[in-house]
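Those protein sequences? They're chains A and B, same order as listed. According to our numbering, the first sequence is numbered sequentially starting from 1. According to our numbering, the second sequence is numbered sequentially starting from 1001. Ideal placement from N, C-alpha and C gives every residue a C-beta, glycine not left out. Predicted model only: the values in this text are computed from it and were never measured. I have placed the structure first, in the form of structure tokens, so that the comments after it can refer back to it.
Number of protein chains: 2
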Amino acid sequence: MSLNYSERMDGIKASEIRELLKLTQKPEIISFAGGLPAPELFPVDTVKEISSEVLKDMGTSALQYGPTEGFEPLREKIAKRMDSVGVKANAKDILVISGSQQGLDFTGKIFLNKDDIVVCESPSYLGALNAFKAYQPKFIEVPTDEYGMNMDKLEDILANNNKVKVIYVIPDFQNPSGRTWSLERRKKLVELANKYNIPIAEDNPYGELRFEGEKLPAIKSFDTEGRVIFLGTFSKTFCPGLRLGWICADDEVLNKYILIKQGADLQASTFSQIIVDRFLTKYDLDEHIEKIKKVYVKRRDLMFKTMEEEFPEGVTFTRPEGGLFTWVTLPEHINARDLAAEAIEKKVAFVPGGSFFPNGGNENTLRINYSNMDEERIVIGVKRIAESIKEMI
Amino acid sequence: MSLNYSERMDGIKASEIRELLKLTQKPEIISFAGGLPAPELFPVDTVKEISSEVLKDMGTSALQYGPTEGFEPLREKIAKRMDSVGVKANAKDILVISGSQQGLDFTGKIFLNKDDIVVCESPSYLGALNAFKAYQPKFIEVPTDEYGMNMDKLEDILANNNKVKVIYVIPDFQNPSGRTWSLERRKKLVELANKYNIPIAEDNPYGELRFEGEKLPAIKSFDTEGRVIFLGTFSKTFCPGLRLGWICADDEVLNKYILIKQGADLQASTFSQIIVDRFLTKYDLDEHIEKIKKVYVKRRDLMFKTMEEEFPEGVTFTRPEGGLFTWVTLPEHINARDLAAEAIEKKVAFVPGGSFFPNGGNENTLRINYSNMDEERIVIGVKRIAESIKEMI
């Protein structure tokens, strides 16, 4: 017996990251694979105190259904936080979602007919590509350099393809490359999107984790026509287990997201929302983020140092000023999937880069996370990967 | 400026229920509109105690990402609870989702191409119809009586339509009609689904709320071919604010749901899952459900009694043995949307029945919830609706 599935299911494969994460739950594995925050930095005691308070003060509403749009005081606070990336927003511009991954799925649902085109960075976030694939689009990858997408190539694509329905970008400490877009490219992207009337999905899970260098305004801050959809999350700055993110967008577009949220799962967890709201009321999230950054920057520096020392000639990697990832390029003849198989034998995990290219190729790349392992394991893990690379050269 | 949305967005409208729920958040409104459980019955103190314990014992894992499939001990306990509806399941047959509404969206995504057919009861759950609409199907409604779908009509439909991709049913205390399928119809449905190779989505949010009469096995319990997808939820038996439900299905199908869950939002809230798991370990959910039922049955009886006394001749309603709703049929010339407008002037809300028929018609029906209002408000509310009906007759 085999059931009849929809056509879209043909294109949907298990995310290599999620599959790897299963392996990496084994404590003996040194994992640079996930985008997992360091759990030892979660404000567990504070969440404990707050959960108790919330249940004491407003337990029945915290456990009841709430509005699809989200818990109003939290929407207000998120709107205010958008200030820090140069976006003036009010509560009505915010939809609370169940992690920003959900915003990617909704973006596909709202904009994509079968065979429409998603324009994305090359490489781009695997989880977004998988979410979009459910809507059967084609992908056009735009070459990127250290300042973001190549704008000439982008204009060329937009001028020559009338089925482009959304431009998907991660301008801050991109997943997987770690790269951050320059101010000029941000402005230029909005200019081109205006010219060709294309919406932009700006995915920003890492922007608040800047260790050094100048903070840049969100692409949304240059949006004069309501075409930029900003996706934010509390997963990297607070904790992912509560599953809370948000969409910031203008009326017309946000209403579509609200409609889709209704049908998809009614609303984000009321309890999670009220916990985060109370945290934002009583505590300083930015102060907490400073603590996280202090740990991550040390891990990043140690990782870079060890990679410089251990990786053989011909291996390069990006040096992001923040975020969770560095992107490694191997000599062309080494396949990172083979390397990953070797490394897992040595109990070290990372994500081969090929999956981040929707149209394939670039098998000599890999993504390495530096936020989740302690310093000792970072050194041991990098050394083991280096050994494997040397064996394959 | 207007953006280009996908075709599917043309068919998606705001749920009348969710819109009404906004109104009904005003404390002066007597609301029979939502399917809201009574918040005064939520085990707030227990959740408080458990949340603290969980954060103390395993705070970092409770706030971290977890596997897409769900928290393993919770999956085990859910599998075991499936026993009570005659389904033998193991943890591997369970996917934890963010409320059972999410399972409806996934069902559409997994089975429906544009113009495929969903066969459903007439009337059927509005939220399911809205979720399916995102995948642009057509609906064929099967007439129902007090024993469930008319099986001759169903067979006629299956024999004459080759694009039927899913049969969607709510066999226990159906939303909105309150009706429960007989044992024979349950068996017959599986027989027909086998014959025509169609999957069945069995949505069961209310089955555990049986006040009287004999408990019936789930349709899933008669499934010998892995074609029944069972959707369960903790929203009506524990609390909806944690947003937790589950899918119980066989390997092949469940794997599709897991893939879709990855792309849609990665996983259900880790914290919510561990809270429910701990509750199921330390406390007896069935005992808690008994408490809920004791209150609901009194409210139901009082509602029936008041409706019998107050509603004029020509108005009929169903008398379910459990669940949250009764379904009222007005004389044909009275439009329930007009009645709703009158009632809201008197500060009473309910959901007009027309929205529960995907192909329209039946505007002289309405759905009334009896779980959310206390006894005093039930009497006042029914009296006011009765007044409005009398004014319109």
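By the criterion of Cβ-Cβ separation under 8 Å, what are the contact partners of residue i in chain B?
i                     : result
residue 70 of chain A : Those within 8 Å of residue 70 of chain A in chain B number zero; the least Cβ separation is about 13 Å.
residue 60 of chain A : 1039, 1040, 1042 and 1044
residue 47 of chain A : 1055, 1059 and 1063
residue 52 of chain A : 1048, 1051 and 1052
Look up residue i in the DSSP assignment and say whether it is helix, strand or coil.
i                       : result
residue 990 of chain B  : No statement about residue 990 of chain B is possible, as the shown extent of chain B runs from 1001 to 1393 and does not include it.
residue 251 of chain A  : helix
residue 1271 of chain B : helix
residue 311 of chain A  : coil
residue 210 of chain A  : strand
residue 1238 of chain B : coil
residue 1356 of chain B : helix
residue 148 of chain A  : strand
residue 222 of chain A  : helix
residue 1317 of chain B : strand
residue 1014 of chain B : coil
residue 336 of chain A  : helix
residue 262 of chain A  : helix
residue 180 of chain A  : coil
residue 1057 of chain B : helix
residue 1331 of chain B : coil
residue 1042 of chain B : coil
residue 1400 of chain B : Because chain B is modelled from 1001 through 1393, residue 1400 of chain B falls outside the range shown and cannot be assessed.
residue 393 of chain A  : coil
residue 381 of chain A  : helix
residue 1394 of chain B : The question about residue 1394 of chain B has no answer, for chain B in this structure spans 1001 to 1393.
residue 298 of chain A  : helix
residue 160 of chain A  : helix
residue 26 of chain A   : coil
residue 1364 of chain B : coil
residue 1277 of chain B : helix
residue 188 of chain A  : helix
residue 194 of chain A  : helix
For residue i, write down the residues that DSSP places opposite it in a beta bridge.
i                       : result
residue 120 of chain A  : A:141 and A:168
residue 202 of chain A  : A:169 and A:230
residue 1369 of chain B : B:1325
residue 31 of chain A   : A:349
residue 245 of chain A  : A:97 and A:233
List, in order along the chain, the chain A residues whose C-beta lies closer than 8 Å to that of residue i?
i                       : result
residue 1324 of chain B : Within chain A, no residue comes near residue 1324 of chain B; the closest Cβ sits about 13 Å away, beyond 8 Å.
Going along chain A in order, which residues have a C-beta closer than 7 Å to the C-beta of residue i?
i                       : result
residue 1165 of chain B : 4
residue 1251 of chain B : Within chain A, no residue comes near residue 1251 of chain B; the closest Cβ sits about 12 Å away, beyond 7 Å.
residue 1365 of chain B : Per Cβ cutoff of 7 Å: no residues; residue 1365 of chain B is ~22 Å from chain A at best.
Verify the contact flag: residue i, CB atom, against every heavy atom of the ligand SAM, threshold strictly below 7 Å.
i                     : result
residue 13 of chain A : Questions concerning the ligand SAM fall outside what the structure shown contains, since it holds no ligand whatsoever.
Whose Cβ in chain B lies nearer than 7 Å to the Cβ of residue i?
i                      : result
residue 259 of chain A : 1012 and 1014
So which residues of chain B does residue i contact, with C-beta pairs closer than 9 Å?
i                      : result
residue 394 of chain A : This structure gives no information on residue 394 of chain A, because the portion of chain A shown stretches from 1 to 393.
residue 119 of chain A : Correct list: empty, because the minimum Cβ distance to chain B is about 14 Å.
Run through chain A and tell me which residues come within less than 9 Å of residue i, C-beta to C-beta.
i                       : result
residue 1036 of chain B : 64 and 65
Near-chain A residues of the segment 1226–1244 of chain B (beta-carbon distance less than 9 Å), N- to C-terminal order: Listed by position along the chain: 1226, 1227, 1235, 1238, 1239, 1240, 1241, 1242, 1243 and 1244.
Secondary structure, beta strand (DSSP E): runs of 3+ residues fully inside the segment 1065–1138 of chain B: 1094–1097 and 1117–1122
Under 7 Å (Cβ pairs) to chain B, residues found in the segment 92–113 of chain A: 98, 99, 101, 102, 105, 109, 110, 111, 112 and 113
Interface residues of the segment 1329–1350 of chain B facing chain A [CB-CB below 7 Å]: Listed in sequence order: no entries.
Short-range partners of chain A found in the segment 1175–1204 of chain B, where Cβ spacing is below 9 Å: 1194, 1197, 1198 and 1199
Interfacial residues, the segment 1123–1143 of chain B to chain A, with Cβ spacing under 8 Å: 1127, 1130, 1131, 1133, 1134 and 1135
Selection of the segment 264–282 of chain A by Cβ proximity to chain B, strictly under 8 Å: Taking 8 Å as the Cβ-Cβ cut-off, the segment 264–282 of chain A approaches chain B at 264, 265, 266, 267, 268, 269, 270, 271 and 272, given in chain order.
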